[in-house]
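>
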Amino acid sequence: MWPDDRRLPKWPTLLALIGTVLIHLSVILVLPAQLMPIPDPAKERARPTEYEISLVDPEQLRYVEANPAVPQNEPDRTDQYSYRSQQAADESPLSDPLNQPRVEGETDSQKIIQGTLEQSPPVEPGIYAPEAQPGEGERDAGGESGDPSEPAPDSEPSAPSLAQPLPAPDFLQQEVVSEAGPGSQIEPVGEASEVTEAPDPNAPIDLYRPPADQPVEASMADGGRGASQRQAEPRPRPRLAPELVTGPLMRSQGSASRRGTLAIDATFSEFGEYEQQFYAAVQTGWYQEIEFFQPIDTASQVHVRFTLHADGRVSDVHTVHSTASEIATFISENAISKRSPFRPWTREMVQVFGQERTLNVRFHYR
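Heads up, our numbering is the position in the sequence shown plus 3, with the first residue counted as 1.
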């Protein structure tokens, strides 16, 4: 049993405290300043704030096929382009936040109306006379100039006609001396040959050869009052509007906010017109390849990806996915590669899309 008044000495505790302080001071004095940096308040206040910036991908433009029967109108949506500007509209009373027309299609396509394979009949080659202009038409008085204020009548262009005959000379229009008139006869130059009642059947037959057609010369008016007849020139063929390609339609369950003819939001772009013409050329070549090779594929499709350059070249044509046969896949790739080189891009197209653009085309075999 220990007595209660027994106490431990205090000097060991004091000695341990002093030793700890001396050890810490020696460590601070011996170690270099690089291992124990002292923060500077001035530098902390002058340090700039760092911000992390992450670049966002540019807005991906999507090609859609506009309805050529709808009047042009600039839409509010600018992420879709085509060969003409129009706003989305349909006949459905519903509404859709995406503002897409209601189309009962099959896939997520860019088509809203179906195209046709029928083409306009070509203009028959030939020479067409230009329409008569005021002051250039012929008159009874030798081609007098017409009245500029008088509008020219609407008429269809016709083939060039021969010049009108000049009036008869004065000596042919003189009055006769008597009712019988002075007669005249041919002086005989010799005995006439014997007339044969029954000609020789073996004798050669003289064929009648009509004179060759003389070129129509332009007639000048008297006194320079009228204009000369212009030479007939071939008329230039009219430029056809871009045709709609055939393919599966868009599948949309919503509706546009406007009521009217079926249309889709699209802004005009030169590349949209270029792309529409390129797809029409690809479709024409594809049907020609099908007619030549005669594949038997049905209910299959071929997804082809390629790169279209600014100079019109087509490169990197390869099949991404195909459920068709090898010959059908070859036909699809060949329909695109044979379109190279296509028409070069304009300067505005290069400024918007750069030097090249990757496109995707799906060929559906039905």
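Built from N, CA and C at the ideal position, the CB exists for glycine as well.
Might you give, ordered along the chain, the residues of its own chain that have their beta carbon closer than 6 Å to the beta carbon of Glu359, omitting 5 neighbours on each side?
Here residue 359 is taken as the residue at index 356 of the sequence shown, counted from 1. The answer, listed in chain order, is Thr310, His312.
> How would you label Leu247, buried or exposed, when you count the other beta carbons within 10 angstroms and need 16 or more for buried?
As a working note, residue 247 is residue 244 in the sequence shown. So Leu247 ends up on the buried side.
> Do Glu336 and His321 count as a contact pair if the criterion is CB distance below 9 Å?
For the purposes of this step, residue 321 is taken as residue 318 along the sequence shown, with counting starting at 1. For the purposes of this step, residue 336 is taken as residue 333 along the sequence shown, with counting starting at 1. Yes, the pair counts as a contact, with Cβ atoms nearer than the cut-off.
> Near Met352, what residues of its chain come up, given a Cβ to Cβ distance below 6 Å and the 5 sequence neighbours on each side ignored?
Residue numbering aside, residue 352 sits at position 349 when the sequence shown is read from its first letter. Within the same chain, Met352 has close Cβ partners Glu273, Phe274.
> Among Leu20, Glu68, Leu32, Leu28, which residue has its Cα nearest to the Cα of Phe271?
Here residue 271 is taken as the residue at index 268 of the sequence shown, counted from 1. Of Leu20, Glu68, Leu32, Leu28, the residue nearest in Cα terms is Glu68.
> Taking only runs of the alpha helix (DSSP H) that begin and end inside the region 269-303, which ones reach a length of at least 4 residues, in chain order?
Segments of the alpha helix (DSSP H) lying fully in the region 269-303: 273-296.
> CB-CB under 8 Å to Asp157, same chain, minus the five flanking residues each way: which ones, in chain order?
For the purposes of this step, residue 157 is taken as the residue at position 154 of the sequence shown. Unreliable placement is indicated for Asp157, whose pLDDT of 49 sits below 50; no coordinate value is reported for it.
> DSSP on Arg308, reduced to helix/strand/coil?
Counted from its first residue, the sequence shown places residue 308 at position 305. Here Arg308 sits in strand by DSSP.
> As a quick exercise: from Trp348, Arg316, Asn363, pick the residue whose alpha carbon is nearest that of Gly357.
Within the sequence shown, the letter at position 354 stands for residue 357. Considering only alpha carbons, the answer is Trp348.
> Taking the CB atoms as reference points, tell me whether Gln90 and Pro71 lie closer together than 9 Å.
For this step, residue 90 is matched to residue 87 along the sequence shown. For this step, residue 71 is matched to residue 68 along the sequence shown. No, Cβ-Cβ distance for Gln90 and Pro71 is not below 9 Å.
> With a threshold of 16 other CB atoms inside 10 Å of the CB of Thr332, please say whether the residue is buried or exposed.
Within the sequence shown, residue 332 is the residue found at index 329, counting from 1. Under this definition Thr332 is a buried residue.
> If you reduce the DSSP assignment to three classes, tell me which class Gln83 lands in.
For the purposes of this step, residue 83 is identified with residue 80 of the sequence shown, where counting begins at 1. Note: Gln83 maps to strand in three-state DSSP.
> What's the C-alpha gap between His27 and Ala19?
Here the question's residue 27 lines up with position 24 in the sequence shown. Here the question's residue 19 lines up with position 16 in the sequence shown. Their Cα atoms are separated by approximately 13 Å.
> Please list, in chain order, all residues of the same chain as Arg308 whose beta carbon is under 7 Å from its beta carbon, the five residues on each side excluded.
Counting from one through the sequence shown, the residue named residue 308 turns up at place 305. Hits under 7 Å: His321, Val323, Thr361, Asn363.
> Looking at the unbroken beta strand (DSSP E) that takes in Leu362, where does it start and where does it end?
As a working note, residue 362 is residue 359 in the sequence shown. Segment 359-368, the beta strand (DSSP E) holding Leu362.
> Give a yes or no on whether the C-beta atoms belonging to Phe366 and Phe281 are separated by under 9 Å.
Residue numbering aside, residue 366 sits at position 363 when the sequence shown is read from its first letter. Residue numbering aside, residue 281 sits at position 278 when the sequence shown is read from its first letter. For Phe366 and Phe281, no; Cβs fall outside 9 Å.
> Do Ala283 and Tyr368 have their beta-carbon atoms positioned less than 9 Å apart in this structure?
Counting from 1 along the sequence shown, the entry for residue 368 is found at position 365. Counting from 1 along the sequence shown, the entry for residue 283 is found at position 280. Contact flag unset, no.
> Use the C-beta contact count for Gln83: other C-beta atoms within 10 angstroms, 16 or more gives buried, fewer gives exposed.
Within the sequence shown, the letter at position 80 stands for residue 83. By the neighbour-count rule (16 or more Cβ atoms within 10 Å), Gln83 is buried.
> In angstroms with no decimal places, state the Cα-to-Cα distance between Thr16 and Leu25.
Position 13 of the sequence shown, counted from the start, is the residue given in the question as residue 16. Position 22 of the sequence shown, counted from the start, is the residue given in the question as residue 25. Rounded to whole angstroms, Thr16 to Leu25 spans 15 Å at the Cα level.
> So, is Arg350 buried or exposed, given that buried needs 16 or more other C-beta atoms within 10 angstroms?
Position 347 of the sequence shown, counted from the first residue, corresponds to residue 350. So Arg350 ends up on the exposed side.
> How is the alpha helix (DSSP H) around Val353 delimited, first residue to last?
As a first step, residue 353 is located in the sequence shown; it is residue number 350 there, counting from the start. Counting along the chain, the alpha helix (DSSP H) containing Val353 begins and ends at 350-356.
> Among residues of its own chain, excluding the 5 on either side of Thr81, which ones have a beta-carbon nearer than 7 Å to its beta-carbon?
Counting from 1 along the sequence shown, the entry for residue 81 is found at position 78. Excluding sequence neighbours, Thr81 sits near Thr270.
> Output the distance between the C-alpha atoms of Pro277 and Thr326, rounded to the nearest integer angstrom.
The residue you call residue 277 lines up with position 274 of the sequence shown. The residue you call residue 326 lines up with position 323 of the sequence shown. Sequence check: residue 277 is Tyr here, not Pro. The straight-line gap from Cα to Cα measures roughly 29 Å.
> On the CB-based measure, 16 or more other CB atoms within 10 Å of its CB, does Asp300 come out buried or exposed?
Taking the sequence shown and counting its residues from 1, the one referred to as residue 300 is at position 297. Buried.
> Is the beta carbon of Ser88 closer than 9 Å to that of Tyr66?
By 1-based counting over the sequence shown, the position of residue 66 is 63. By 1-based counting over the sequence shown, the position of residue 88 is 85. Cβ distance not < 9 Å, so Tyr66 and Ser88 don't count as in contact.
> Quick check on the burial criterion: 16 or more other C-beta atoms within 10 angstroms. Buried or exposed for Val305?
Within the sequence shown, numbered from 1, the residue matching residue 305 stands at position 302. Buried is the call here.
> Taking just the CA atoms, how far does Ile267 sit from Glu342?
On the sequence shown, residue 342 is found 339 positions in, with the first residue counted as 1. On the sequence shown, residue 267 is found 264 positions in, with the first residue counted as 1. It is Arg, not Glu, that sits at residue 342 in the sequence shown. Their backbone Cα atoms lie some 28 Å apart in a straight line.
> What is the rounded straight-line gap between the Cα of Ser318 and the Cα of Ser328?
Residue mapping note: residue 318 aligns to position 315 of the sequence shown, counting from 1. Residue mapping note: residue 328 aligns to position 325 of the sequence shown, counting from 1. Using only the alpha carbons, I get a separation of about 23 Å.
> Cβ of Phe296 within 9 Å of Cβ of Ile334?
Taking the sequence shown and counting its residues from 1, the one referred to as residue 296 is at position 293. Taking the sequence shown and counting its residues from 1, the one referred to as residue 334 is at position 331. Going by C-beta atoms, Phe296 is nearer than 9 Å to Ile334.
> Quick one: grab the DSSP three-state call for Ala92.
As a position in the sequence shown, residue 92 is number 89, starting the count at 1. Ala92: strand per DSSP, three-state reduction.
> Decide if Gln406 is buried, meaning its Cβ has at least 16 other Cβ atoms within 10 Å, or exposed.
No answer is possible for residue 406: the residues shown for the chain start at 4 and end at 369.
> Kindly identify the DSSP beta-bridge partner or partners of Ser318.
Numbered from its first residue, the sequence shown carries residue 318 at position 315. The partner list for Ser318 (beta bridge, DSSP) reads Thr310.
> In whole angstroms, give me the CA-to-CA distance for Pro298 and Gln279.
Within the sequence shown, residue 298 is the residue found at index 295, counting from 1. Within the sequence shown, residue 279 is the residue found at index 276, counting from 1. Their Cα atoms are separated by approximately 26 Å.
> Following the continuous alpha helix (DSSP H) through Leu32, name the residue where it begins and the one where it ends.
Against the sequence shown, residue 32 aligns to sequence position 29. Per DSSP, Leu32 belongs to the alpha helix (DSSP H) from 14-33.
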